[in-house]
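The block underneath contains the structure these notes are about, expressed in structure tokens.
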Amino acid sequence: MADLKEEALNSSHDFYDLLGIAPSSQESEIRRAYRKTALKYHPDKVGDDQAALDKFHLLSIAYEVLSDQDVRQLYDNARRAREEKKERDAAYEGRRRALKEELERRESAGVAGFKRKREEAQEEEAFQRELKRLAADGARRRKEREEMLRREAEDEQNREQREDAEKAEVSDTPATPAPVNEDSVPSEMHRTCKLRWLPSTSITTSDLESRFQRFGKIQDVVISPKPKKIKVDGEKHRKEYMTALIIFENIVAASMAVREGSRLVKEDTDRADWGVFEGIDWASGKEPEGLPKPPASNGSSTSKEKAAYNRWLFTKGLEKTALTLKGKPSFGSFKKKPE
1 MADLKEEALN
11 SSHDFYDLLG
21 IAPSSQESEI
31 RRAYRKTALK
41 YHPDKVGDDQ
51 AALDKFHLLS
61 IAYEVLSDQD
71 VRQLYDNARR
81 AREEKKERDA
91 AYEGRRRALK
101 EELERRESAG
111 VAGFKRKREE
121 AQEEEAFQRE
131 LKRLAADGAR
141 RRKEREEMLR
151 REAEDEQNRE
161 QREDAEKAEV
171 SDTPATPAPV
181 NEDSVPSEMH
191 RTCKLRWLPS
201 TSITTSDLES
211 RFQRFGKIQD
221 VVISPKPKKI
231 KVDGEKHRKE
241 YMTALIIFEN
251 IVAASMAVRE
261 GSRLVKEDTD
271 RADWGVFEGI
281 DWASGKEPEG
291 LPKPPASNGS
301 STSKEKAAYN
311 RWLFTKGLEK
321 TALTLKGKPS
331 FGSFKKKPE
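The opening position of the sequence shown corresponds to residue 1 in UniProt numbering, with each subsequent residue numbered one higher.
Here's what the structure looks like:
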């Protein structure tokens, strides 16, 4: 009896399944199933087949356990506990596997996010380096211009002195070189405008040169290699834009580009032409000081305003700058990127 209880409590076999019956089977059903199954594995029938002999021995134990109500109750309790444990283990394994997969997913997403942020930082650094290069190049050009003006002033002074010597005229006030006004040679940043547009619109350097050369001669065009997230006034979240810098050869052209370009953007409500741009502004973020308002392109300015503006241009050496917008370039080369 003790051995049967030991088998009932510790056996890993499903005696019901072994006999091919349900756990709710009655004693008569158990007896009938045992006799039917045991005949297949009886020693007189299987001979020396050890596997069949072991199966017959196990069938005998199953029958004895299930035939005794007390022992069967012990077996049923132990069997139920084993099944519940198996279900708990399966559920735990499922949760563990899900947690593992979620952890791996987060780790992968973290690596991808870090890589993306690093690439964006590298692109931003490259863009800032290009800005610094342009600024340094502008400073060099300004210095060269100042040096040229200084030499011209010295040459003019020497020429006047030679003429005075030839005419034997004595001047109470010796000629002095004209001071170089730093504003007469605007910095590169003061000649640069920035613009942005949605990445869905494909715009090239040639497109921008063709469009903006109507305002004046262009020195250089720089387009960001990839979209940048920009916080725009009035918007709650940062938004991706393509950006570009257009460096003009003089400050007047840059001023015309910012003022007239912004006006054309506002007027193009259908976004079929200039409306593709989200904004045109000074690269420095504000208009250079001392810059007069140019005459309106629609001809509404007075002759006095035009004369005053032309005098300012003359003092800057820009008397040949065109004040009218000629031609109407097309945005035919601006293509919408496929969604």
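Don't be surprised by glycine CBs; every beta carbon is placed ideally from N, CA and C.
Cβ atoms of Phe56 and Ala38: under 9 Å apart, would you say?
As a first step, residue 38 must be located in the sequence shown, where it is residue number 38. As a first step, residue 56 must be located in the sequence shown, where it is residue number 56. The answer is yes: Cβ separation under 9 Å.
Secondary structure at Ser24, three-state DSSP: helix, strand or coil?
Within the sequence shown, the letter at position 24 stands for residue 24. The answer is coil: DSSP assigns Ser24 none of H, G, I, E or B.
Output the boundary residues of the alpha helix (DSSP H) element that contains Thr205.
On the sequence shown, position 205 is the one that residue 205 refers to. Unbroken alpha helix (DSSP H) run through Thr205: Thr205 to Phe212.
Check whether the segment 108 to 116 touches the segment 152 to 164, taking contact to mean three or more Cβ pairs, one atom from each stretch, closer than 8 Å.
no
Within its chain, find whatever has a CB closer than 7 Å to the CB of Asp17; leave out the 5 residues flanking it on each side and keep chain order.
Within the sequence shown, residue 17 is the residue found at index 17, counting from 1. Same-chain partners within the cutoff: there are none.
For Lys275, which three-state DSSP category applies?
Position 275 of the sequence shown holds residue 275. Lys is not the amino acid found at residue 275; the sequence shown has Gly there. If DSSP states are grouped into helix, strand and coil, Gly275 belongs with the helices.
Should Glu102 be labelled buried (16 or more other beta-carbon atoms within 10 Å of its own) or exposed?
Taking the first residue of the sequence shown as 1, we reach residue 102 at position 102. Glu102 comes out exposed.
Apart from the five residues on each side of it in sequence, which residues of its chain come closer than 6 Å, Cβ to Cβ, to Ser187?
Counting from 1 along the sequence shown, the entry for residue 187 is found at position 187. Same-chain partners within the cutoff: Gly138.
Can you have a look at Tyr41 and say buried or exposed, based on whether 16 or more other CB atoms are within 10 angstroms of its CB?
For the purposes of this step, residue 41 is identified with residue 41 of the sequence shown, where counting begins at 1. Its Cβ being crowded by 16 or more others within 10 Å, Tyr41 is buried.
Could you check the C-alpha separation between Glu93 and Glu87 for me, to the nearest Å?
Taking the first residue of the sequence shown as position 1, residue 93 is located at position 93. Taking the first residue of the sequence shown as position 1, residue 87 is located at position 87. One C-alpha to the other measures close to 10 Å.
Considering only residues of the same chain and omitting the five flanking positions on each side of Tyr75, which have a CB-CB separation below 6 Å?
The sequence position of residue 75 within the sequence shown is 75, counting from 1. If we look at Tyr75 and ignore the five residues flanking it on each side, its Cβ neighbours are Ala8 and Val65.
Roughly how many angstroms lie between the CA atoms of Leu251 and Leu134, to the nearest whole one?
Here residue 251 refers to the residue found at position 251 of the sequence shown. Here residue 134 refers to the residue found at position 134 of the sequence shown. The question names Leu, but residue 251 in the sequence shown is Ile. When rounded, the distance between both Cα atoms is 15 Å.
Output the boundary residues of the beta strand (DSSP E) element that contains Arg196.
The count along the sequence shown starts at 1 and reaches residue 196 at position 196. Segment Thr192 to Trp197, the beta strand (DSSP E) holding Arg196.
In or out: Arg211 buried (at least 16 other Cβ within 10 Å) or exposed?
Taking the sequence shown and counting its residues from 1, the one referred to as residue 211 is at position 211. Looking at its Cβ environment, which holds 16 or more other Cβ atoms inside 10 Å, Arg211 is buried.
Would you call the segment 228 to 235 and the segment 261 to 268 in contact, with 3 or more CB pairs under 8 Å?
no
Let me know if Asp70 comes out buried or exposed under the rule of 16 or more other beta-carbons within 10 Å of its beta-carbon.
Taking the first residue of the sequence shown as position 1, residue 70 is located at position 70. Result: exposed.
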